[in-house]
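Asker: Could you have a look at this structure, given as structure tokens, before my questions?
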DNA sequence: TATTGTTATACTCTATAACTATA
DNA sequence: TATAGTTATAGAGTATAACAATA
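Protein chains in written order, with my numbering: chain A, 1 to 160; chain B, 1001 to 1160.
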């Protein structure tokens, strides 16, 4: 009885035949690699996702942000807490609804966001290194069509 | 101030521009959909991954199985416990090493595996529904090249 | 009566370290 | 001294329910 299977460890050929497994697997790798790079900014993938959407939407409520990225409201509290503690986001008064906050991205938040986007480019370059430009566009287009079909799935930005 | 961003909820346009995000996102969707379907067999994605590799490798040790799918040995214990409780796998005596087990897939295990593969086909059909056959092959080939480049990453079969 | 944000809680998944019995 | 399997434990990450303030 062979004690170890032949070939490099960690992923088995049998599983590689399934596209769904490959997507799941590469999704974990991508999230992990990006998350490790984001640590240099003191950000998690969840914080980055929230900051990113917030900057593009302007001042919105936590509730709206939750719906926008599919995060649970109770999880959003701690995410915004962390961003606020770092001075990247402020909870400002909502002009009309005294229950709600108007989430505001600070100047420091915009700077961190810019550096995060640079990191995202680097991480993407690392992830897609085996592919040329045309192939990268192909992959993106194919994934985008899949994503558009499952847009309503209430999944958070990052796996962990 | 707009209370909700325009368009359908749960995933934001800004994030859709990143291939890494799309892969991560679709990986979660794929794993979730497959996991829900596997419940009908009483299996988790982890159990299915272990059973699948085990059947293709014959009788190997838990240690070898761990290396083969990138699962932690301590997590493997409960995974095999569950498979054994369902009568799909047996811990048999290793012929030469009294510390180790020879993991054996039972006949019931092979039958469950066959049904699992049918479920995998169905789930894949659902996931890749927006793509035609040629596009599915393209996507698979592109992901496979990425996966081969990161084969050594010690990540488990399924995110949760 | 419903909604926003918050807190407390529980549950899952995973990783770490220590332990045993063998090698 | 190292290895296979196990156990116990702790740490993320997430989901659920209840709550106060306000609509």
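Idealized CB from N, CA, C, for every residue including glycine.
What three-state label does DSSP hand residue 1118(B) in the structure shown?
Answerer: Three-state DSSP puts residue 1118(B) in a helix.
Asker: When the Cα atoms are used, what is the spatial distance from residue 1073(B) to residue 1044(B)?
Answerer: So the alpha carbons of these two residues sit roughly 17 Å apart.
Asker: I want to know whether the region 107-114 of chain A touches the region 62-77 of chain A - three or more CB-CB distances under 8 Å.
Answerer: They do not touch, by the three-pair rule.
Asker: Do you know how far the Cα of residue 1076(B) is from the Cα of residue 1090(B)?
Answerer: Each residue's alpha carbon lies about 14 Å from the other.
Asker: Which residues in chain B sit within 8 Å of residue 130(A), going by Cβ to Cβ distance?
Answerer: By Cβ distance, chain B contributes 1145, 1146, 1148, 1149.
Asker: Can you pull the DSSP bridge partners for residue 1105(B)?
Answerer: 1089(B).
Asker: Over the uninterrupted alpha helix (DSSP H) stretch that includes residue 1146(B), give me the two end residues.
Answerer: 1133-1149 is the extent of the alpha helix (DSSP H) around residue 1146(B).
Asker: Spell out the partners DSSP gives residue 60(A) in its beta bridges.
Answerer: Answer by DSSP bridge pairing, in chain order: 103(A).
Asker: Taking C-beta pairs closer than 7 Å, name the residues in chain A that residue 1119(B) reaches, listed in chain order.
Answerer: Residues of chain A passing the Cβ test: none, with the nearest at roughly 11 Å.
Asker: Whose C-beta lies closer than 8 Å to the C-beta of residue 1037(B) among residues of the same chain, with five residues either side of it excluded?
Answerer: Excluding positions up to five away in sequence, the list reads 1119, 1122, 1123.
Asker: State the Cα-Cα distance for the pair residue 1033(B) and residue 1080(B), rounded to the nearest angstrom.
Answerer: Cα to Cα, the separation comes out at about 23 Å.
Asker: Under the assumption that residue 1042(B) contacts residue 1071(B) (Cβ atoms under 8 Å), give the Cβ distance between them as a whole number of angstroms.
Answerer: So it is not a contact: roughly 19 Å between Cβ atoms.
Asker: Residues of the region 13-36 of chain A in Cβ contact with chain B at a cutoff of 9 Å, in chain order, please.
Answerer: Against chain B - using a Cβ distance shorter than 9 Å - the residues of the region 13-36 of chain A are 13, 14, 15, 16, 17, 18, 19, 20, 21, 22, 23, 24, 25, 26, 27, 28, 29, 30, 31, 32, 33, 34.
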